[in-house]
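Structure first, commentary second.
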Amino acid sequence: AAYSRMDARATQAVWPTADRQALASTFNGLREQRLTLTGCRVQLVNVGAAVSCSGLLRYRPRVGEHSTRTRRGTWRFALAPVGDTWRIELVTEP
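Take the sequence shown: its position 66, counting from 1, is numbered 132 in our numbering, and each next residue is one higher.
Take a look at the structure:
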């Protein structure tokens, strides 16, 4: 949700290793974006989890051609438990 809202601070709250300045710069270059993840598969690995999801990213750039663009693929996440919640350690985009 934070990623789709283009909220760098909230995104970094669940993905602490993300570069907040790089996220903010990317988000500032977009008019809008929406990431939809489906069919996620979770595999427990040691004390963490590996998650693989089919995804569709729709976005509109702020500069240049403003038409909606799409990117489909598989997003992969490495998660680690922190207290009673999970945090994203690594994201691999298509």
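Note that beta-carbon positions come from the ideal geometry of N, C-alpha and C, so glycine has one too.
{"query": "For serine 120, the three-state DSSP class (helix, strand or coil)", "result": "strand"}
{"query": "For alanine 74, three-class secondary structure by DSSP", "result": "helix"}
{"query": "Cβ pair arginine 107, serine 118 closer than 9 angstroms", "result": "yes"}
{"query": "Own chain residues within Cβ distance below 8 angstroms of leucine 89, not counting five before or after", "result": "Ala74, Thr77 and Gln78"}
{"query": "Helix, strand or coil at alanine 146 [DSSP, three-state]", "result": "strand"}
{"query": "CA nearest to the CA of leucine 103, picked from Pro147, Asp150, Phe143 and Asn94", "result": "Phe143"}
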